[in-house]
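Participant: The following block contains the structure, expressed as structure tokens.
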Amino acid sequence: MNMLEVQNVTKAFGSLVAVSDVTLHVAPGEMRAVIGPNGAGKTTFFNLISGFFPPTSGRIVFDGKDVTTEPAYRRVATGMARTFQITEIFPELTVRENVNIAAEVALGYRLKPWLSAQQAAGVKARVDEVMELTGLESKARRLVGELSHGDQRVAEIAMSLALSPRLLLLDEPTAGMGEQETEEITQLVRRLHKENNYSIVLIEHDMQIVFHLADRITVLDQGHLLAEGTPEEIANNEAVQAAYLGKTE
Amino acid sequence: MTPTIDRSKYVTLGVIWLLLLTMPYWLPMVGGYMALGTRVVIMGLAAMSLNFLLGFTGVLSFGHAAFFGLGAYGTGLALKYFTHSTPLALVLGVLLGGIAGAVLGALIVRRRGVYFAMVTIAFGQVFYFIAFRWNSLTGGDDGLRGFERQPIDFGVWQADILHRPILFYYFVLLLFAIGTGAMGFLLRSPFGRTLLAIRENERRARFLGVPIEQHIWLSFSLSCFFVALAGGMYALLNNFADPTMLNYTQSGEIVIMIVLGGIRSFWGPLIGAAIFVVLQDYLSSLTTNWMSFLGTIFVLMVLFFPRGVLGLNWTEMFRSVLGRSRQTRPQEGGNLS
Amino acid sequence: MTDLILYNVSNGLIIGAFYVLMALGLSLILNLSGVINFAHGGFLALGGYFAYTLAPYIGFWGALLVSPLLVALLGLILERTMIHRLYGRDPLYSLLLTFGLAFIFEDVTRAVWGATGLPFTVPDFLTKPLSSQFFFVTGYRLFMIAVVAIAVGGLFLFLRFSRLGVRIRAGTFDLDTVSTLGVNVKMLRSFNFALGIFLAGLAGVLAGGQLSLEPTMGANLLMPSFVAIIVGGVGSLPGTLLGGLLIGVAAGLTAVFWPAASDAVIYVMMAVVLLLRPRGLLGEEGLLT
Chain W
1 MNMLEVQNVT
11 KAFGSLVAVS
21 DVTLHVAPGE
31 MRAVIGPNGA
41 GKTTFFNLIS
51 GFFPPTSGRI
61 VFDGKDVTTE
71 PAYRRVATGM
81 ARTFQITEIF
91 PELTVRENVN
101 IAAEVALGYR
111 LKPWLSAQQA
121 AGVKARVDEV
131 MELTGLESKA
141 RRLVGELSHG
151 DQRVAEIAMS
161 LALSPRLLLL
171 DEPTAGMGEQ
181 ETEEITQLVR
191 RLHKENNYSI
201 VLIEHDMQIV
211 FHLADRITVL
221 DQGHLLAEGT
231 PEEIANNEAV
241 QAAYLGKTE
Chain P
250 MTPTIDRSKY
260 VTLGVIWLLL
270 LTMPYWLPMV
280 GGYMALGTRV
290 VIMGLAAMSL
300 NFLLGFTGVL
310 SFGHAAFFGL
320 GAYGTGLALK
330 YFTHSTPLAL
340 VLGVLLGGIA
350 GAVLGALIVR
360 RRGVYFAMVT
370 IAFGQVFYFI
380 AFRWNSLTGG
390 DDGLRGFERQ
400 PIDFGVWQAD
410 ILHRPILFYY
420 FVLLLFAIGT
430 GAMGFLLRSP
440 FGRTLLAIRE
450 NERRARFLGV
460 PIEQHIWLSF
470 SLSCFFVALA
480 GGMYALLNNF
490 ADPTMLNYTQ
500 SGEIVIMIVL
510 GGIRSFWGPL
520 IGAAIFVVLQ
530 DYLSSLTTNW
540 MSFLGTIFVL
550 MVLFFPRGVL
560 GLNWTEMFRS
570 VLGRSRQTRP
580 QEGGNLS
Chain U
587 MTDLILYNVS
597 NGLIIGAFYV
607 LMALGLSLIL
617 NLSGVINFAH
627 GGFLALGGYF
637 AYTLAPYIGF
647 WGALLVSPLL
657 VALLGLILER
667 TMIHRLYGRD
677 PLYSLLLTFG
687 LAFIFEDVTR
697 AVWGATGLPF
707 TVPDFLTKPL
717 SSQFFFVTGY
727 RLFMIAVVAI
737 AVGGLFLFLR
747 FSRLGVRIRA
757 GTFDLDTVST
767 LGVNVKMLRS
777 FNFALGIFLA
787 GLAGVLAGGQ
797 LSLEPTMGAN
807 LLMPSFVAII
817 VGGVGSLPGT
827 LLGGLLIGVA
837 AGLTAVFWPA
847 ASDAVIYVMM
857 AVVLLLRPRG
867 LLGEEGLLT
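This is the structure we're talking about:
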């Protein structure tokens, strides 16, 4: 069974059709990249998957369950976590507090006025695990708003991981970063995929990263599905080349 | 949280409670009187209750006077018509204000920012007009009279809070302690942390799996319950409730208390309330044009000290006076939405 | 009974016209600058009092024009010196600032002109009833409706066809884009603020002739104006127009059957609208919500 099945989704804002009849299947443990020129509808597509808004038509099935009309917070509960193109964090809280909130919500404690010692230990264990996995331990007590752009990105990914998701949606994780930071994030994403076996859907601008990381690539152009295949197939696809050459990146 | 911050927190807490507990003894020495001190504590609770929503959830209600006033009228009416038990009357007042808040909250919880503020102002006025117009029940424009807080009977000992202002002060302080204790406890809980998360970044909170509307509604309702408690005590203090307690100008005053003290601070609103109440008392005894002074304070406050007295970096100011300086982290008090 | 109803509907329309002038000004400022102007009622009262003071020298007609302009000038000065600093900040701060200004206005007005109501005399030919059967249809009422209609019509034409007006409307939806197109957003907002205040001043002069001049006359119109904006839909000026008239008539009608509830009925309307159509009657989803 597929982890994620997006079936013929369309999203129209008034007369503007941002995503048109796109289908996408992601297998468990797969790393899928979604690419396309600016304005191809990548982020809208992501917003549809994560439940930012419902599609105009089409179906979204996650882990065998139809989530088309589920609000965002329930999709998170079923195991879907996302990051944003412009980093979304809690700037005035520390790194650890950021991750801690995610862990508590994920463990179902969001309405609790207190935690038992056992529950608190469970939260702590999960936070510790994520902090170690992302290498943020040394910055745990700093305010996220003070961190470098790259570290804020990592913190955002750490929050997503604290949700124990089965599917990670990463919207341009290396956007606006220097070479060093890009490399670190790329390593982290690769580790999450290879060693921790996360299913990942990734929007990415940097072609080198995409062709390096992804198992399969989906290309969107002007809201339509242009092509899908392995990195090699995509590299040799004429329609893709035309789309990219036609619109200079 | 680093240990040093924790220590300074305990010191602050110790100083605040020491001052509050000994207030009846030092207040007359600085020219105050018991009812003024009681009013400070009550308005402090009102401001801290609203700040639970404003400062710690990031949602601006400009209509909390309605729930403050409902608490007052509920308590007063209960004493006048149903019961001779002060605590029971208070409970009824709190329920009236809190439940009204919860119902209204459900209606408006999807609105945000300026819109939310406008809707709360406008709905708050409904209760004002009810109190103003329903002469036969509420006394209309003249206010609700004809009730008195009743002594509390503990069996072996009767606390005569009516004739002994100092006892009433400690009664108020006890309820203040319960109210603020409950809020402080909630803010340190997983639920409280989701509220901070919403304040910090609503979108992120939503995509961590927090149903935003539900949590804002809870925060709004809780805040209304606590502010109604303050209102109920206010009615007991004066043995009187009047419609202006429900008016939006009263809401504005509670908000300015918060901003005066410091919006990001738990205890700041208490300090803001103290400044405001004392100033209002002093100015209105001094001049009939106290509204102008108050208005001027609002304006200067917003333009020059938007972070309030606790938001000012006192440590840094002392250091610079002493000629030493240290890099401290920037605090952003400006943007809550 | 029919007379009574007609009388109250006409009353409602008059009151609604005040709401409309007041709420349109509030809406203009809210839409472009995100500021809820609590001092709007204070400006309205000032408009009335200025006219009262000026009329002996420049006559009613002169005062009708000059007084709103003076009030608008005052608004412009306050916007330039204080309010503009708070654009883009949390709405809390502009709310509190204008709230403080409202306090000051009310107090100053009371200090200068006194707390008791002052009569504001309008030209004789406007006060005579036009019909003996419908005694309430005075010339002044028709005149007032005409002035409001001209002002509102002029405003909508201005926003629709003048370059400045088009920019104000565009700025309501997307200020960033407007500013990247080379429009001076600072000037635009100042002008827009003054325009909104002008409408309040005009409403003040008209109200002076109908009600009587009191320091709190504007503050009393403020809340219904909020309701008008919410009922009509935040962000929509036609909505504000519709909302103002609707709640005016509703309040007037309620006064016939249940006078005590005439204040509260508009809030009930607001609750119903928010339940059934959260964005307001003519509002667009997503704007300022």
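Residue numbers (the working numbering), protein chains in the order written: chain W, 1 to 249; chain P, 250 to 586; chain U, 587 to 875. All C-beta atoms in this analysis are idealised placements derived from N, C-alpha and C, irrespective of residue type, glycine included. Nothing here was measured: the structure is a model prediction, and the numbers come from that model.
Ignoring anything shorter than 4 residues or poking outside the segment 442-477 of chain P, list the alpha helix (DSSP H) runs there in chain order.
Facilitator: Listed in chain order, the complete alpha helix (DSSP H) runs (minimum 4 residues) inside the segment 442-477 of chain P are 451-455.
Participant: Roughly how many whole angstroms lie between the Cα atoms of residue 596 of chain U and residue 635 of chain U?
Facilitator: 25 Å
Participant: Is it true that the CB of residue 286 of chain P sits closer than 8 Å to the CB of residue 418 of chain P?
Facilitator: yes
Participant: With 16 as the cutoff for other CB atoms within 10 Å, does residue 3 of chain W come out buried or exposed?
Facilitator: buried
Participant: Return the first residue and the last residue of the beta strand (DSSP E) that residue 253 of chain W is part of.
Facilitator: Since the displayed chain W opens at 1 and closes at 249, residue 253 of chain W lies outside it and no answer follows.
Participant: Using three-state DSSP, classify residue 8 of chain W as helix, strand or coil.
Facilitator: It is a strand residue.
Participant: Chain P partners of residue 622 of chain U, CB-CB under 9 Å?
Facilitator: 311, 363, 366, 367, 370
Participant: If you pair each beta-carbon of the segment 862-872 of chain U with each one of the segment 820-839 of chain U, do three or more pairs fall below 8 Å?
Facilitator: Counting Cβ pairs under 8 Å, three or more are found: they touch.
Participant: Please list the residues of the segment 524-555 of chain P that have a C-beta atom closer than 9 Å to any C-beta atom in chain U, keeping them in chain order.
Facilitator: 537, 538, 539, 540, 541, 542, 543, 544, 545, 546, 547, 548, 549, 550, 551, 552, 555
Participant: Comparing the C-beta of residue 6 of chain W with each C-beta of chain P, is any distance below 8 Å?
Facilitator: Judged by the 8 Å Cβ criterion, residue 6 of chain W is not in contact with chain P.
Participant: Specify the secondary structure class of residue 666 of chain U as computed by DSSP and reduced to three states.
Facilitator: Look at residue 666 of chain U here: in three-state DSSP terms it is helix.
Participant: Nearer than 7 Å: is that true of the beta carbon of residue 782 of chain U relative to any heavy atom of the ligand ADP?
Facilitator: This structure does not include the ligand ADP; it has no bound ligands of any sort.
Participant: Looking at the unbroken beta strand (DSSP E) that takes in residue 321 of chain P, where does it start and where does it end?
Facilitator: No beta strand (DSSP E) contains residue 321 of chain P, which is instead part of the alpha helix (DSSP H) from 314-326.
Participant: From residue 231 of chain W to residue 39 of chain W, what does the alpha carbon distance come to, in whole angstroms?
Facilitator: 22 Å
Participant: Excluding sequence positions up to five away, which residues of its chain have a Cβ less than 8 Å from the Cβ of residue 499 of chain P?
Facilitator: 314, 317, 318, 493
Participant: Evaluate the contact criterion for the segment 476-484 of chain P versus the segment 322-337 of chain P: three or more CB pairs, one atom per stretch, below 8 Å.
Facilitator: yes
Participant: Determine which residues share a DSSP beta bridge with residue 490 of chain P and list them.
Facilitator: Beta-bridge analysis with DSSP links residue 490 of chain P to P:393.
Participant: Which same chain residues end up closer than 6 Å to residue 60 of chain W when comparing Cβ atoms and leaving out the 5 residues on each side of it in sequence?
Facilitator: 6, 67, 68
Participant: Could you have a look at residue 208 of chain W and say whether DSSP puts it in helix, strand or coil?
Facilitator: helix
Participant: Should residue 456 of chain P be labelled buried (16 or more other beta-carbon atoms within 10 Å of its own) or exposed?
Facilitator: Buried, since its Cβ has 16 or more Cβ neighbours within 10 Å.
Participant: Indicate whether the contact test is met: 3 or more Cβ pairs, each with one atom in the segment 659-676 of chain U and one in the segment 793-807 of chain U, closer than 8 Å.
Facilitator: no
Participant: Look up residue 31 of chain W in the DSSP assignment and say whether it is helix, strand or coil.
Facilitator: strand
Participant: Less than 8 Å separating the beta-carbons of residue 62 of chain W and residue 78 of chain W?
Facilitator: yes
Participant: For a cutoff of 8 Å on Cβ pairs, would you count residue 159 of chain W as touching chain P?
Facilitator: yes
Participant: Can you give the Cα-Cα distance for residue 759 of chain U and residue 618 of chain U, rounded to whole angstroms?
Facilitator: Looking at the two C-alpha atoms, the distance is approximately 8 Å.
Participant: If we require 4 or more residues per run, which alpha helix (DSSP H) segments fall completely within the segment 484-551 of chain P?
Facilitator: 497-510, 517-535
Participant: Please state whether the Cβ-Cβ distance between residue 167 of chain W and residue 160 of chain W is less than 8 Å.
Facilitator: no
Participant: Whole angstroms is fine: what's the gap from residue 438 of chain P's alpha carbon to residue 450 of chain P's?
Facilitator: 18 Å
Participant: The segment 498-525 of chain P: which residues have C-beta closer than 7 Å to a C-beta of chain U, in chain order?
Facilitator: Within the segment 498-525 of chain P, the residues whose Cβ lies closer than 7 Å to some Cβ of chain U are 501, 504, 505, 508, listed in chain order.
Participant: So, is residue 271 of chain P buried or exposed, given that buried needs 16 or more other C-beta atoms within 10 angstroms?
Facilitator: Answer is exposed; the Cβ neighbour count stays below 16.
Participant: Among residues of its own chain, excluding the 5 on either side of residue 355 of chain P, which ones have a beta-carbon nearer than 7 Å to its beta-carbon?
Facilitator: 466, listed in sequence order.
Participant: Measure from the alpha carbon of residue 72 of chain W to the alpha carbon of each residue in P:420, P:394, P:460, P:440, then state which is nearest.
Facilitator: P:460
Participant: Quick check on residue 450 of chain P - is its C-beta less than 8 Å from some C-beta in chain W?
Facilitator: yes
Participant: Starting from residue 161 of chain W, trace the alpha helix (DSSP H) in both directions and tell me its first and last residue.
Facilitator: 149-162
Participant: For residue 256 of chain W, is the classification buried or exposed, using 16 other Cβ atoms within 10 angstroms of its Cβ as the cut-off for buried?
Facilitator: This structure leaves residue 256 of chain W out entirely; chain W is present only between 1 and 249.
Participant: Nearest-angstrom Cα distance between residue 848 of chain U and residue 149 of chain W?
Facilitator: 57 Å
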